[in-house]
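Okay, so here's the structure we're looking at.
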Amino acid sequence: MPQRPSASVSAALPPEQTASPFPARPESGSLPLRAQAPANSPQTNSTVENRALRIALADALAALAASRHKNVEQERRIQKLEQALGEHERAFQRITTQLNEHQKALLETTRTLTPHPSRLRRLWRTLRYPPVSPALPEAPALEALPPLPPSLPQPPSSLPLPAAHTGPRKILFVAGELDTTGRIYRCERMAAAFAAAGVEVRVLECPVVGPDDVLWADALVIWRARISPHVSTMLRLFREQGKPTIFDIDDLVFRPDLAKIEIIDGIRHAATVTEETTCQIFTDLHKTAEDCDMAFTTTVELLDQLFRTGVNPILVLPNTFDHETQQRGRLAARRKQLIGPDGLIRIGYAAGSRTHQRDFKLVSQVMADLLRADNRLRLVLFTLNDTLPLLLTEEFPELNGLEDQIEWRTFVPLVDLPAEMARFDISIIPLEAGNVFCEAKSEIKFFEAALGNVCSIASPTGPFRRIIQHGQNGFLASTAEEWRNVLLMLIQDPALRQKLARNAFHCALWFFGPERLSFLARDAVLSMGQGTESAQANARLIARTQDTTPLIPVVPESETLFLHDHLDQADVSVVITSYNYEHFILEALESVAAQTLHVLDLVVVDDGSTDGSLSLIVAWAEKHTHRFNRLLVLRSAANAGLGGARNIGMAATETPYAMQLDADNKLLPAACEHLLHAMKVENAAFAYPTIQQFGTHILTDVLGDRPFQPLALMPGNYIDAMAMVAKWAWAAAGGYYVQRDAMGWEDFDLWCLFAERGFTGVHVPEILAEYRRHGSSMTNGVTETPSHKPRVVTLLEARHPWLRLTTPHAAPRDDAPA
1 MPQRPSASVS AALPPEQTAS PFPARPESGS LPLRAQAPAN SPQTNSTVEN
51 RALRIALADA LAALAASRHK NVEQERRIQK LEQALGEHER AFQRITTQLN
101 EHQKALLETT RTLTPHPSRL RRLWRTLRYP PVSPALPEAP ALEALPPLPP
151 SLPQPPSSLP LPAAHTGPRK ILFVAGELDT TGRIYRCERM AAAFAAAGVE
201 VRVLECPVVG PDDVLWADAL VIWRARISPH VSTMLRLFRE QGKPTIFDID
251 DLVFRPDLAK IEIIDGIRHA ATVTEETTCQ IFTDLHKTAE DCDMAFTTTV
301 ELLDQLFRTG VNPILVLPNT FDHETQQRGR LAARRKQLIG PDGLIRIGYA
351 AGSRTHQRDF KLVSQVMADL LRADNRLRLV LFTLNDTLPL LLTEEFPELN
401 GLEDQIEWRT FVPLVDLPAE MARFDISIIP LEAGNVFCEA KSEIKFFEAA
451 LGNVCSIASP TGPFRRIIQH GQNGFLASTA EEWRNVLLML IQDPALRQKL
501 ARNAFHCALW FFGPERLSFL ARDAVLSMGQ GTESAQANAR LIARTQDTTP
551 LIPVVPESET LFLHDHLDQA DVSVVITSYN YEHFILEALE SVAAQTLHVL
601 DLVVVDDGST DGSLSLIVAW AEKHTHRFNR LLVLRSAANA GLGGARNIGM
651 AATETPYAMQ LDADNKLLPA ACEHLLHAMK VENAAFAYPT IQQFGTHILT
701 DVLGDRPFQP LALMPGNYID AMAMVAKWAW AAAGGYYVQR DAMGWEDFDL
751 WCLFAERGFT GVHVPEILAE YRRHGSSMTN GVTETPSHKP RVVTLLEARH
801 PWLRLTTPHA APRDDAPA
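Residue numbers (the numbering used here): 1 to 818.
Set out below in structure tokens:
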């Protein structure tokens, strides 16, 4: 395996931050992490210099990773262009050959038709004998030309719609506003979700839509387009052809009676907008909604308001992020972790427009008081193009004299916003209570902050009450006193900030991720058809209307013993869970290092081992930093059990997929590469290989050699824990079950949760892993014991009533010690 570039940042936590018996022993060229400075204490020169060096190293690594990705993309583009050129050349050769054959045939035909030298003789023969038509040689048929390969990388193949589907297969998304973040959320990302659901899509600005676009599309989704002769004609043409028209809206901007300054504060700050012009805009949007057959929107509150326009049915399709935005936000959070704290605590207010003056008034006095009391605090505000402040601080005299504690940042493009928000330590989302306009606002600011690993405090509007579980993945605050209390709590407790941010990310990962939106989009399309498929899709959509609060995986406390990060982006992390396996752990680690997948992350979780395995793991990690993009060694604060340890590892991953590996087993070199390929092709929640058994008293050679069939899980589990799991699917299911009453069956429980949610699993019929049979395994020591097995069977059947487990009694493996 080739080594990665030598520049890296690696660190071990100092002794005062961890109870680890292992001293910090960073490798050459790496930096030890420092503890945060005490409250209100200035940083020493050495601390400042150390952090400056960390920033320079992190920036260099980020630039190196970006260059590497750019080179890889260029190489892929060149390969595809070369393939396209080869196909063009081969097609040209085939055409040339066929043209030559046709020319030969034409010559033969011409020769046959050429007159004889004596025209009289020919005339005499013609009159004497019946005319004979010369036989033309059969021309060779032209072969169909092969399709030319695309010159640019294409998105992964989507699941095609059923052949019997009678609803739309081509959808035109029309944007009524140009160059706004709303267009990205409601047109581009929405179209991407429908494309992933098997629909052909186009995204166009409203003024450029022409007759050909109307003829091409089977359905129209029109976002924020005011009624006009052009829009009316477009809607009429779709209606005359019997094609559905769908009004999409993401704000309460279709009720003319709300176009008042006392309701929409932003009207008074717009240079060219008045109550009258706002009322006209809202009236026009209301008329567009009335002329449409159905509607999409972002929150339940907007759905209720839309019913007043007469449009029906209405479907809530939430705002979402995309994978690129997620990657940028997470990379910024990793960089922040590497460079360490600068002694400041940043409280960010990421208002995207001048419509939130009265919203900020809810917290302005609290913020002023906190800033004056603690010189570590900074209030982060934004401007447009470094000139136009998005919050007019002159309306808040309580902030006078605090200019040095206010950081002004330039508002960045949407794809970079989570990375910018990663600078925050706390994000605040105040909204005016009881204001119908504010009550309908979506949860965008919650998940944008979460992508950057930042916790949020929000006003308790309906959308935020549903998404924020108070004290678990954020805080809700109504009064000034509540805002003060939760802000002080978070300022004083960085560990709590990290816990809330982590849980917020896990909630956002599924609930506002592209995978969930593609699920909803597919059912939305199928529901527009007729027959059984449509009825079943409508049933799923009705059931999902109750899915308003995401699950939060339980992640036990842990400490970081070793951290190394190249700041590149891998697709896969291998997560190894270990407990008292000092005789086997190095074999497992070496099997990961031997993977053919070059860019790879590794997370090792020691679940409170009492043998010498932990020292072996840390020593091995220190010697193998160049093999991995990111290498992390964690230890649970207390023995958490297998489910808890797996959740610790999954929470620590920063990749879309995680390969599970127990410390007594091994992966074969191609495991991660082949499973990753299967995951991407099938867009699966998990993939599992055939597993070779080794060790003592082996009765069957292999495990997991059956294809995935959810109902086949009913009598018992046939899929081993050594599987690759998509992080979004893990988050959607609420993670592995962590209570000890399911010890050893955490993986079976997760497969059942996936089956109940309709997630896809895929079997790769190759031997890609090895399962060790030995007497000290957990299967023999815990799972298959008379005291444990009946309890876990009862628990699993209670959690999943469709199970009918056929082996409720303990059945120890024959290699168990007597």
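Virtual Cβ for every residue (Gly too), placed ideally from N, Cα, C.
Residue i versus residue j: straight-line alpha-carbon distance, rounded
i      : j      : result
Glu682 : Phe475 : 38 Å
Ala652 : Trp728 : 14 Å
Pro801 : Thr794 : 10 Å
Leu661 : His677 : 18 Å
Leu414 : Gly513 : 15 Å
Arg685 : Phe754 : The residue you asked about is not Arg; residue 685 is Ala in the sequence shown. About 8 Å.
Lys680 : Cys672 : 12 Å
Glu407 : Asp547 : 39 Å
Ile576 : Gly182 : 42 Å
Arg25  : Lys623 : Bear in mind that the predicted position of Arg25 carries a pLDDT of just 33, short of 50, making it too unreliable to give a figure here.
Ser41  : Gly343 : Because Ser41 sits at a pLDDT of 45, beneath the cut-off of 50, its placement in the model cannot be relied upon, and the following sentence gives the value as read from the coordinates. Each residue's Cα considered, the two are about 8 Å apart.
Ala537 : Glu448 : 30 Å
His286 : Phe254 : 5 Å
Val454 : Asn503 : 10 Å
Trp620 : Ala769 : 21 Å
Ser28  : Gly176 : With a pLDDT of only 32 at Ser28, under 50, the local geometry of the prediction cannot be trusted, and no value is derived from it.
Pro505 : Tyr736 : Reading the sequence as shown, one finds Phe at residue 505 and not Pro. Going by the C-alpha atoms only, they are around 17 Å apart.
Gln280 : Pro229 : 16 Å
Tyr657 : His564 : 19 Å
Gln93  : Arg76  : 26 Å
Leu597 : Leu668 : 12 Å
Beta-carbon gap between residue i and residue j smaller than 9 Å
i      : j      : result
Arg772 : Gly649 : no
Asp701 : Pro765 : no
Leu431 : Leu362 : yes
Gly347 : Leu377 : Note that residue 347 is Ile in the sequence shown here, rather than Gly. In this structure, Leu377 lies closer than 9 Å to Ile347 by Cβ.
Thr298 : Leu417 : no
Ser442 : Pro463 : yes
Ala588 : Tyr579 : no
Leu713 : Trp745 : no
Arg226 : Thr274 : no
Leu567 : Arg335 : yes
His356 : Gly434 : no
Gly644 : Val555 : yes
Leu402 : Ala351 : no
Ser518 : Gly167 : no
Per-residue burial, residue i [other beta carbons within 10 Å of its own, 16 or more giving buried]
i      : result
Gln337 : buried
Leu123 : The pLDDT assigned to Leu123 is 48, lower than 50, so where the model puts this residue is not dependable; a value taken from the coordinates is nonetheless given after this. So Leu123 counts as exposed.
Asn71  : exposed
Leu33  : With a pLDDT of 42 at Leu33, under the threshold of 50, the modelled position of that residue is not reliable, and the figure given next carries that caveat. Classification of Leu33: buried, given that the 10 Å Cβ count is 16 or more.
Thr625 : buried
Trp216 : exposed
Ile264 : buried
Lys260 : exposed
Ser573 : buried
Leu642 : buried
Asn473 : buried
Ile542 : exposed
Ala450 : buried
Pro318 : buried
Asn629 : buried
Arg328 : buried
Boundaries (first-last residue) of the alpha helix (DSSP H) holding residue i
i      : result
Pro822 : Not covered by the structure: residue 822. The range shown for the chain is 1 to 818.
Val681 : Ala671 to Glu682
Arg409 : Where Arg409 is concerned, there is no enclosing alpha helix (DSSP H), although the beta strand (DSSP E) it sits in stretches over Ile406 to Thr410.
Range of the contiguous beta strand (DSSP E) that encloses residue i
i      : result
Met659 : Tyr657 to Asp662
Cys438 : Element bounds for Cys438: not the beta strand (DSSP E) but the alpha helix (DSSP H), Val436 to Glu439.
Glu559 : Ser558 to Asp565
Leu631 : Arg630 to Ser636
Ala726 : Met724 to Ala726
Ala687 : Phe686 to Gly695
Thr577 : Val572 to Ser578
Complete runs of the beta strand (DSSP E) confined to the stretch 159-211 [at least 3 residues]: 170-175 and 200-205
For the stretch 203-282, list the alpha helix (DSSP H) runs that are entirely contained and at least 4 residues long, ordered along the chain. 211-216 and 229-240
Where in the stretch 285-360 do unbroken runs of the alpha helix (DSSP H), each at least 4 residues long, occur, reported from the N-terminal end onward? 300-306 and 323-339
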